[in-house]
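Residue numbers (the UniProt record's numbering): 1 to 1225.
Rendered as structure tokens:
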């Protein structure tokens, strides 16, 4: 067969459980259970807890900060990244954190823990391996934490802007390191607990404690830096939010302001119902937009929110004011334009001017409405019109000329006569106006008509005032006025109001006719003026062109002019005055030409404005005539533009020359400073003070170089002309010098730092070496303190031991504080070393300090062990006789082991039987004193355990336990060597039997391999499949049974037999590999067949359990036959029978239940998925449930028996209480 398949490693499994000693918090019960590793998400592992039938599954996964920091962390949810989430931990460790889970995700932290199933730390391992694991873990995490903290400090201490994403990454890195440290602390604690269970040495326990202290120190440092990073991140997030919200505010404000402005203009312009409705809609739209903006602003950052609320609330107030104005306009009775007697007032639709008085048409409408309504409405309208017309009241013509003492008929006649006179005159004026305005009359006639209408309009207004006064006087006279007369008097007011409205209408029409005539006259004058002004504009443009041509002829082209400027700048002493004079002349000529262009442009613009007032056809022709003239003027301006800044360019060149000379001087000063710094550093290694002084001196130099380079960059960025010609070449030269100075300053700074770092590193190493030497001096004193026990003596005489123990204890008390101070000093120096620049110096210094730190740690451990040994030796002084007895037993065990040394040699097949007998006899002879010594030691140990100190003193009990362990080892040696001596002669026979059995197994495996070979395309029958599966299963079981027996022989005290059997075990491993290969060849058919076989075997066993339970039920017959009362003897007999039957049923049912469960577990582990195999597995599960149901019934049956026994117990007088069957049904 082929090679066996490599088995996949088991997946990691996490278990969510309540914290020890606490109940599961509310909402966490549904999440408890095992989570198995299933893939990864965002670079970290995901875990799944599967539910029943694929439902109620829960995922444990990590989500990074791509959707925001509030969404990052470890989550429990129904799917990876889904909407339905149950719990969250705001940590970023490589694995899910143990603690800190919020259940629900937005609640408080719950009292649950997430632990790795089957911790590696809990397994047994050698002390050295365990200690090395923890050391590697601590060293790795310390390095990672130091790197993370160093990176964070560099970023957070940097000047200038810090990107939010960078700070978030640092914060997440530190949070991850904190989570790793917490997990490492838990791992180290588990290692400590496991070491105590393995009874590790005190030195190992002490060193594990020191490593936990280092983890605490690193955790404190990481927590401090993480808090600092989170604080900075919060600040960056707030700044980013302020900037983002400010941009949103800038984008939202214009639209809101535009909406409010449109609403306000619509309200101001509303003069009809439709316009008012549109204005109301605009106000509502503006308020809605502002409301949405306000709602969004409430989520802004504080400063942006304050500004946004102030702006939007101010605009909201403007909307409310517009609504109030609209409400006042609608409530004033001006919102209807219909209701005038004789129809609505018509407006000339063909009239192009809308300059009629805005208040007259509404006044007419109001008057018409008052005429229709009568009564008080007319009075209100009159008073309103009076207020609109200048506030004139009833007394505008003096006192009322009405004698109120006359009868009311006379009063009514006089008042009606006056109104009729005013109406008649107004109607004549209206008739005249209608004739004049309907005809195409001249402007003079229209103006006369306008004056006539204004005169009668004022007369009606004054009549309204007088009428109001007369009505008031009539109401105030002594004799009351009859209702009919009063009603007739009040009706006079609407008559005047209607007349006034029609006058206003005609007056507006007349004004529009006058305005139209004036406009036509103005257009005629403008056309005549345009025809006259066009030649003047052409002449002005021609003069501007001549002036520009003169400038160009006098100054030459611009290239020549720029060369003259450069010459003047470079050789100012020789040619500067002449060239500067020429520049001044050119500048004056350019200014004069610009004045001419401005005058021409002014004339041309005036001509264009005049042309735009002409009718469409004339306007088009005029603008077409002026277009080429305007292009000529534009070309002339472009031609002049290069000459306009001649003086400014020349002055700019002079200023640039002065600036370059200043910059050149500053660069020269920087170069001189660098020469001084380089001289201070010298050729050889400089001292630490010199390096520090040089580095301090380079700070201002760096600043000066940066300023010079910034000025040079600004000069280069000022434009192409700023860095052209000779000045450009000089600018480039100065820039090269500045860059060279910057590079030289960087080199000197690196050199100074390197020198200072080397000096600092050597200084730190010297201090650490001195501390290490001082610490190691304690080792000599420790060796001197332990000298009394140096010969291996476990217990000293009391006279010698007491002072020695006191001296050792005093030494430990004196040494530990000193050593702790040395450790602290070395830790501080190590922190200083990590501040050195990265490179070999930092690495070498750190390694040296860590080496010295390790030496001090070793001394600390040695002193701590001395302290532990002192305490143990004091305890041992109280059990000298036990120690001596155990020591004697160990010595005898060593003698016996030495005598049995030939048994341990690998010579079973070559040694002679006689030799074996001799060695066995010698061993048995040596075993006698060993047995006696062990018996004496056991007696002494037993007696000492009766001491009261064994119960009150943990140390006393611990030492006795250690001695008991040593004694048990000696007794085990005695037992093993005796067995080896007695059975050595038969070892060769045992070996031969194992060989024969292994040979038979080899034949069995060969047959199984042959039977497992595939038959090509032929499909085997179910019987053949089952035969192959049984053959492979039997072969596997036989191999397992042989291996179990062989492993027992491999541990036989006769070492020669063990060596030989181990070689056979190697052969058995080869057979197992062959059998595994055969199984892989026929796995599918064998698993399918075994499913059927296992189901059949379980099905055959279950009737046995059912029969046993039926027998138990039959034994209960006397209690369930009816309601008759049983005698005590009958009850006792029946209970005894029930107990026996229950015991038998329990034995049978236990075996059947175990067999069915084992078969179900085996079948469930198969990978076959065909319907027949699934049906067999389902049948096994059903049989398992039946077996469990029978077990439950049997437990109930046994409880019934116990109840009957209690009821059948004798009463206080010794009389039995009859047993009675329970009620049925």
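Note that the Cβ used here is the ideal one computed from N, Cα and C, for glycine as well.
Only a predicted model underlies this, so the values are computations on that prediction, with no experimental measurement involved.
Rounded to whole angstroms, the Cβ separation of residue 936 and residue 972 is 17 angstroms, and the two are not in contact under 8 angstroms.
Classified as exposed, residue 435 has fewer than 16 neighbouring CB atoms from the shown chains inside 10 Å of its CB.
Rounded to the nearest angstrom, the gap between the Cα atoms of residue 536 and residue 430 is 50 angstroms. In the DSSP assignment, residue 871 falls within the unbroken alpha helix (DSSP H) covering 840 to 876.
Residue 138 is classed as buried because its beta carbon has at least 16 other beta carbons within 10 Å across all chains shown. If you draw a straight line from the Cα of residue 254 to the Cα of residue 285, it is about 15 angstroms long.
For residue 238, the closest alpha carbon among the candidates 216, 304 and 290 is that of 304. Distance from the Cα of residue 546 is smallest, within the candidate group 513, 501 and 596, for 596. With the rule of 3 Cβ pairs closer than 8 angstroms, the stretch 917 to 926 counts as touching the stretch 980 to 1000. Per DSSP, residue 45 lies in no alpha helix (DSSP H) segment; the continuous beta strand (DSSP E) that holds it begins and ends at 44 to 49. Relative to residue 236, the option among 75, 823, 166 and 446 whose CA is nearest is 166. Around the beta-carbon of residue 648, fewer than 16 other beta-carbon atoms lie within 10 Å, marking it exposed.
In the structure shown, the three-state DSSP call for residue 996 is helix. Annotation for residue 1079: the continuous alpha helix (DSSP H) segment containing it runs 1055 to 1081. Under the 8 angstroms Cβ criterion, the stretch 858 to 869 does not count as touching the stretch 890 to 899, having fewer than three qualifying pairs. With fewer than 16 other beta carbons inside 10 angstroms of its own, residue 66 counts as exposed. Per DSSP, the continuous beta strand (DSSP E) segment holding residue 75 begins and ends at 73 to 77. Under the 8 angstroms Cβ criterion, the stretch 812 to 823 does not count as touching the stretch 727 to 741, having fewer than three qualifying pairs.
When secondary structure is reduced to three states using DSSP, residue 985 falls in the helix class. Between residue 47 and residue 32 a beta carbon distance of about 14 angstroms is seen, past the 8 angstroms cut, so the two are scored as non-contacting. Per DSSP, reduced to three states, the secondary structure at residue 33 is strand. The three-state reading of DSSP puts residue 795 in coil, since its state is none of H, G, I, E or B. In chain order, 1118 place their CB closer than 6 angstroms to the CB of residue 1134, counting only its own chain and leaving out the 5 sequence neighbours on each side. Between residue 970 and residue 926, the CB-CB gap reaches or exceeds 7 angstroms.
In the three-state DSSP reduction, residue 598 falls in the helix class (H, G or I). Closest option to residue 311, judged by alpha-carbon separation, among 482, 250, 402 and 608: 250.
For residue 245, same chain residues with a beta-carbon under 6 angstroms away, outside a window of 5 residues either side, are 300, 301 and 304 in chain order. In this structure, residue 843 lies away from residue 829, with their beta-carbon atoms at least 7 angstroms apart. Judged by DSSP secondary structure, residue 219 falls within the alpha helix (DSSP H) whose first and last residues are 202 to 269. Between residue 589 and residue 551, the C-beta gap is smaller than 7 angstroms, which places the two residues in contact. According to the DSSP assignment, residue 16 belongs to the beta strand (DSSP E) that extends over 13 to 18.
DSSP places residue 60 inside the beta strand (DSSP E), whose first and last residues are 58 to 63. DSSP places residue 88 in no alpha helix (DSSP H) but in the uninterrupted beta strand (DSSP E) bounded by 85 to 89. If you look at residue 911, you'll find it isn't in any alpha helix (DSSP H); DSSP assigns it neither H nor E. Here residue 1101 is buried. Its C-beta has 16 or more other C-beta atoms within 10 Å. Under DSSP, the beta-bridge partners assigned to residue 102 are 88 and 109.
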